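Visitor: One structure follows; several queries about it will come next.
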Amino acid sequence: VTTPISYLSATGTVAYSLAAGTAGQIKMLVCTVAASTPVGVLTPVASANDGYNTITFNAVGETATLLYTNSGWMILALGGTSAALAAGTGPVTA
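Per my numbering, numbering through the sequence shown is continuous, rising by one, with the last residue being 1017.
This is the structure in structure tokens:
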């Protein structure tokens, strides 16, 4: 959580978590490895408070940029990846 950019390696099915940050903190996630039918699923702390539950990475170059607020991690931008809505009605794509 303390570094501004995290590089994700998704080989097969991988579960990632993102702990609470500090208000105003920006975090960028970049998928740099995607092999063996990759599915990297990120579950940020308190993300359901901000309208989504998870972000899925399955190709090299996919990105997510998040902002931490008092209620959790909010999505600022998605690049090629998708987020599952908290209501479960489908993905939000950038």
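Note that CB positions come from ideal geometry on N, CA and C, so glycine has one too. Since the model is a prediction, treat every value here as computed from it, not as a measurement.
1) How big is the Cα-Cα spacing for Ala1017 and Val983?
2) Could you pull out every residue in the same chain whose Cβ sits closer than 6 Å to the Cβ of Val937, ignoring the five residues on either side in sequence?
3) Cα separation between Asn981 and Pro961?
4) Measuring only the C-alpha atoms, how far is Gly947 from Ser932?
5) Based on DSSP bridge pairs, tell me the residues matched to Leu952.
6) Which residues in the same chain have their Cβ closer than 6 Å to the Cβ of Lys950, if we skip the five residues on either side of it in sequence?
7) Determine the burial state of Ala943: buried for a count of at least 16 other Cβ atoms within 10 Å of its Cβ, exposed for fewer.
8) Using only CA atoms, which one of Gly995, Thr966, Thr934, Ala958 lies nearest to Ala1006?
9) For the putative contact between Leu952 and Ala1000, defined by C-beta atoms under 8 Å, what is the C-beta separation to the nearest angstrom?
Guide: If we stick to the structure as given:
1) Only weak support is given to the placement of Ala1017: the predicted model assigns it a pLDDT of 41, under 50, and the question is left unresolved by the model.
2) Gly963
3) 5 Å
4) 26 Å
5) Ser929, Ala987
6) Leu989
7) exposed
8) Thr966
9) With a Cβ gap of about 11 Å, Leu952 and Ala1000 do not count as contacting.
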